[in-house]
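A.B. asks: My questions will all concern the structure given below.
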Amino acid sequence: MAAVHHPDHGHGHEHEHHGPPSGIMRWLTTTNHKDIGTLYLWFSFMMFLTGGVMALTIRSELFQPGLQIVEPEFFNQLTTLHGLVMVFGAIMPAFVGFANWQIPMMIGAPDMAFARMNNWSFWLLPPAALLLISSFFVPGGAAAGGWTLYPPLSTQMGMGMDMTIFAVHILGASSIMGSINIVTTILNMRAPGMTMMKMPLFVWTWLITAYLLLAVMPVLAGAVTMLLTDRQFGTNFFNAAGGGDPIMFQHIFWFFGHPEVYIMILPAFGIVSQIIPTFARKPLFGYSSMVYATASIAILSFIVWAHHMFTVGMPVTAQLFFMYATMLIAVPTGVKVFNWTATMWRGSMTFEAPMLFAIGFIFLFTIGGFSGIVLAVVPVDIQLQETYYVIAHFHYVLVSGSLFALFGGAYYWMPKWTGNMYDETLAKTHFWLSMVFFNLTFFVQHFLGLAGMPRRVPDYALQFADFNMISSIGAFGFGFSQLLFLYVALKCVRGGKKATDQVWEDAEGLEWTLPSTAPYHSFETPPLVK
Amino acid sequence: MSQEATTNQYYIPKPSTWPMTGAIAIFFMGFGAAFTVNKLPIGYASLAIGFAILIYMLFGWFGTVARESEDGKFNKQVDSSFRWGMSWFIFTEVMFFAGFFGALYYMRVLSVPWLGDLEHKLLWPDFAGGWPTAGPGATEKYTAMGAWGLPAFNTALLLTSGVTVTWAHWALKLNKRSQLKWGLFLTIALGALFIGCQAYEYMHAYSELNLKLTTGAYGASFFMLTGFHGFHVTLGAIMLTVIYFRVLAGHFKPEHHFGFEGVSWYWHFVDVVWLGLFVFVYLL
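Line order of the protein sequences matches chains A and B.
Per my numbering, the very first residue in the first sequence carries number -16; after that it's consecutive.
Per my numbering, the very first residue in the second sequence carries number 4; after that it's consecutive.
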């Protein structure tokens, strides 16, 4: 697609030899941060649709009580792969796509620090995705132990689990290379005058996110390596008879897993912090407190992991520690929410699609945050563990959190990327459909969970029927609404009202000083930042 | 894209086929590994093809980087990118080992004593919960690896190799090429000797001590930690060898030699990991 808009724009002064190779080779060999960002974004959208089809199959099965559409074994594979595909295939690569497009433009750099490695980071994703998806078709099917891959289930399953393990290894390598690139770019490639505390908040949040990735992706690699050797080479890490402990996997996994959830939300915070000031026409309230809050959240994320495992057995002292540490995260997160709200206070606001998504984010992410505090309370969690309340909670932070911010960011920067304004009416329609159907899908799941409906089960007791039917209707509505986004994006790529350089009336930042479409190389000579 | 114009400008490489080649290699290796561990014949072939492509890619890609470096395309800013990049890469390696060390501590300090406590007496009445252990379900006898024979010698080897690589680095900075060559050569030789000693120790463990990868918590942590470390030493030795040949070819200048430095950082890193291993896996 983007092949359509780039070449014709050209780069004025470069009549010489350059410009990218044409056709498919451009995308296979590119060392350009914008091309690679585009690849990331389209890849993640495809994976989003793939994971979405799995989600809709799950919701179809749950439309009514009883087993109708899929076998229970296949249902388990679907829930597992839905989680893995959405986390590692959709949300994370989408944010990396934003990082690729935006960070060099926002800090005044010519490109990413390691342009060739950047290409490799992206092109490792398709092999990993193929491993994951094709595991449905091998004997025994895909991994079916949940995306958390807990042993002993994951030490028993067939070859689909091995494919998942190697896919995770490859995805981890990709993330690590991407993060090294992002950290180095931010630390070493800023334009003169762009001090750390002048960096746009999106850049800050990605810097901190990249550190989280560097710290925890290798631990995940270690965890799945132990799974692999337990499965195939006779080690006893997770086997009590050999002196190991299956619960140890959960500790190692969640040491990765909890920072991972912040990896998926911090860049979203960054995007929202870019959007709100633009459409409130006021500078961001409390910039430095935003930076410190982000860092605090990242540091705290390393000492809360066991709140995912309150019911597996641990000393009461440990439960109390993890409960209080978890609740502590509400403080810096609250700082952020209040800062966004204060930014809007007495602003002269308009409600274009990016702003709608950002405000939707604040509302719904806060609900997800509150249900998180509810779940942090040990006695409550013991009741709610493994119920639909948990499902509702993390979809509020991941869908109406991360995903809404991604959509908001996509609309916000799409004019800069394509040179054209998107269709505002359709984009607003996309927002409202998403908003309504999202809540239809997931709000009722709080009630299901409180009433005791367990997750990851394809059948349920009759008293859960009504809410499940509502949830399934919402899910289909939400799923099909996303096709509207695809349409709006394609339409915007192909044409539309020409975007001005600044695009938005009060947008601040280096990216808005560049022409729309942004030139192939953003800042060949670094701009001076006052 | 006038990126090759001057050294003032940050070097941005032209479009390249190496990353794609690497992705194809990883594709074959990923499927190959998954099929191989499940004993599908096609897995071995796929793994071999992937590995061959990866080797080809590594030669091509690193060769390109070495040429770019020698052509003077990397200015100070690029150099400092390399420094940041390598530092954070080593940090990820530290975290990888931290995961395995964490598993060792968890088992030694928590889960093994739990298995020997009162609650588990019904299941495993005779298990006391000490370390080293092959677990309460173990039936085979084995002997734990001692610290003061070969492992202590290995410690001395690696520590000495840390000295020799630094000696080589000093030589490089003073442009004493012959001392540089000797320093690198000695480092590689010490590294190779270390790997040889580890291989001997593994054979000794399997044939005489009956200590295997399958020997419960102790065997798993022993072989996985020392195995991954040995693998990293091997990688480091290969990297040093590449640097050695580059030195023979006249590469590196006293003021511009990050390739050398990056590898020596890596070598010091495997050294430090070994000290952790020596204390927590062998000694205590």
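We put the beta carbon where it would ideally sit given N, CA and C, even for glycine.
Between leucine 187(B) and valine 250(B), is the Cβ-Cβ spacing less than 8 Å?
C.D. replies: Yes, they are a contact pair.
A.B. asks: At a Cβ threshold of 8 Å, is lysine 124(B) touching chain A?
C.D. replies: It does not; no Cβ of chain A falls within 8 Å.
A.B. asks: Going by DSSP, name the residue or residues bridged to proline 437(A).
C.D. replies: According to DSSP, proline 437(A) bridges with Thr370(A).
A.B. asks: Mind pulling the chain A residues with CB within less than 7 Å of phenylalanine 94(B)?
C.D. replies: Going along chain A in sequence order, the residues near phenylalanine 94(B) (Cβ under 7 Å) are Leu197.
A.B. asks: Across the segment 405 to 419 of chain A and the segment 332 to 348 of chain A, are there enough close Cβ pairs to call them in contact, namely three or more that are closer than 8 Å?
C.D. replies: A contact exists between the segment 405 to 419 of chain A and the segment 332 to 348 of chain A.
A.B. asks: Closer than 7 Å between beta carbons: that is the criterion. Which residues of the segment 61 to 93 of chain B meet it against chain A?
C.D. replies: Within the segment 61 to 93 of chain B, the qualifying residues are Gln80, Ser83, Ser84, Trp87, Gly88, Trp91, Phe92.
A.B. asks: Do you know how far the Cα of phenylalanine 100(B) is from the Cα of leucine 203(A)?
C.D. replies: Cα to Cα, leucine 203(A) sits roughly 11 Å from phenylalanine 100(B).
A.B. asks: For a quick check, are the C-beta atoms of leucine 386(A) and threonine 326(A) less than 8 Å apart?
C.D. replies: Not a contact, by the Cβ cut-off of 8 Å.
A.B. asks: With DSSP as the reference, label asparagine 222(A) as helix, strand or coil.
C.D. replies: Coil at asparagine 222(A), not helix or strand.
A.B. asks: So is threonine 138(A) in contact with chain B if we call contact Cβ pairs under 8 Å?
C.D. replies: With 8 Å as the cut-off, threonine 138(A) does not count as an interface residue toward chain B.
A.B. asks: Could you have a look at lysine 79(B) and say whether DSSP puts it in helix, strand or coil?
C.D. replies: The answer is helix: DSSP assigns lysine 79(B) an H, G or I state.
A.B. asks: Have a look at the DSSP bridge pairing and note the partners of histidine 259(B).
C.D. replies: Looking at the DSSP assignment, histidine 259(B) forms a beta bridge with Lys256(B).
A.B. asks: Against chain A, with Cβ distances strictly below 8 Å, would threonine 9(B) count as a contact?
C.D. replies: Because the pLDDT at threonine 9(B) is just 46, under 50, the model does not fix this residue reliably, and the point stays unresolved.
A.B. asks: Within its chain, find whatever has a CB closer than 8 Å to the CB of tyrosine 194(A); leave out the 5 residues flanking it on each side and keep chain order.
C.D. replies: Same-chain partners within the cutoff: Ser162, Val166, Ala281.
A.B. asks: Taking 8 Å as the CB-CB cut-off, is phenylalanine 285(A) touching chain B?
C.D. replies: With 8 Å as the cut-off, phenylalanine 285(A) does not count as an interface residue toward chain B.
A.B. asks: Looking at methionine 98(B): is its Cβ nearer than 8 Å to the Cβ of alanine 198(A)?
C.D. replies: Yes, the Cβ-Cβ distance between methionine 98(B) and alanine 198(A) is below 8 Å.
A.B. asks: Which residue's Cα is closest to the Cα of alanine 276(A): Ile312(A), Met297(A), Ile246(A)?
C.D. replies: Closest option to alanine 276(A), Cα to Cα, is Ile312(A).
A.B. asks: Listed in chain order, which residues of the segment 247 to 281 of chain B have Cβ atoms closer than 8 Å to some Cβ of chain A?
C.D. replies: Listed in sequence order: no entries.
A.B. asks: Am I right that leucine 64(A) and alanine 125(A) are in contact with their C-beta atoms under 8 Å? What's the rounded C-beta distance?
C.D. replies: Contact holds; Cβ gap of about 5 Å.
A.B. asks: Less than 8 Å between CB atoms is the rule here; does alanine 206(B) satisfy it with respect to chain A?
C.D. replies: Residue identity check: residue 206(B) is methionine in the sequence provided, not alanine. Chain A contact via Cβ: absent.
A.B. asks: Using a C-beta cutoff of 8 Å, does leucine 11(A) count as contacting chain B?
C.D. replies: Closer than 8 Å: yes.
A.B. asks: Smallest Cα separation from valine 151(A): which of Phe34(B), Pro22(B), Tyr47(B)?
C.D. replies: The candidate whose alpha carbon is nearest that of valine 151(A) is Phe34(B).
A.B. asks: Note down the Cα distance separating threonine 218(A) from isoleucine 169(A), rounded to an integer number of angstroms.
C.D. replies: Going by the C-alpha atoms only, they are around 41 Å apart.
A.B. asks: According to DSSP, simplified to helix, strand and coil, what is aspartate 274(B)?
C.D. replies: Note: aspartate 274(B) maps to helix in three-state DSSP.
A.B. asks: In angstroms with no decimal places, state the Cα-to-Cα distance between glycine 35(A) and asparagine 11(B).
C.D. replies: The straight-line gap from Cα to Cα measures roughly 48 Å.
A.B. asks: At what residues does the alpha helix (DSSP H) containing threonine 131(A) begin and finish?
C.D. replies: From DSSP, threonine 131(A) is part of no alpha helix (DSSP H); its letter is neither H nor E.
A.B. asks: In angstroms, rounded to a whole number, what distance separates the CA positions of arginine 99(A) and threonine 13(A)?
C.D. replies: Roughly 8 Å separates the two Cα atoms.
A.B. asks: Near leucine 114(A), what residues of its chain come up, given a Cβ to Cβ distance below 8 Å and the 5 sequence neighbours on each side ignored?
C.D. replies: Once the five neighbours on either side are set aside, the close Cβ partners of leucine 114(A) are Met146, Thr147, Phe149, Ala150, Ile153.
A.B. asks: What residue range is occupied by the uninterrupted alpha helix (DSSP H) comprising isoleucine 286(A)?
C.D. replies: Neither: isoleucine 286(A) is in no alpha helix (DSSP H) and is coded neither H nor E.
A.B. asks: Checking contacts by CB at 8 Å: is tryptophan 112(B) closer than that to chain A?
C.D. replies: Reading off the sequence shown, one finds valine at residue 112(B), where the question assumed tryptophan. Judged by the 8 Å Cβ criterion, valine 112(B) is not in contact with chain A.
A.B. asks: Please go through the same chain and pick out, in chain order, the residues whose beta-carbon is closer than 7 Å to the beta-carbon of aspartate 489(A), but skip the five residues on each side of it.
C.D. replies: Thr261, Arg264.
A.B. asks: Would you say histidine 234(A) faces chain B, with C-beta separation under 8 Å as the test?
C.D. replies: Answer yes: the Cβ-Cβ gap between histidine 234(A) and chain B drops below 8 Å somewhere.
A.B. asks: In this structure, what does DSSP give as the bridge partners for lysine 524(A)?
C.D. replies: Because chain A here runs from -16 to 513, residue 524(A) falls outside it and cannot be looked at.
A.B. asks: Going by DSSP in three states, glutamate 96(B) sits in which element: helix, strand or coil?
C.D. replies: Three-state result, glutamate 96(B): helix.
A.B. asks: Does the count of Cβ pairs from the segment 266 to 276 of chain B and the segment 162 to 172 of chain B closer than 8 Å reach three?
C.D. replies: In short, these stretches touch, since the Cβ pair count reaches three.
A.B. asks: May I have the straight-line CA-CA distance separating methionine 209(A) from glutamate 96(B), to the nearest angstrom?
C.D. replies: Those two C-alpha atoms are separated by around 16 Å.
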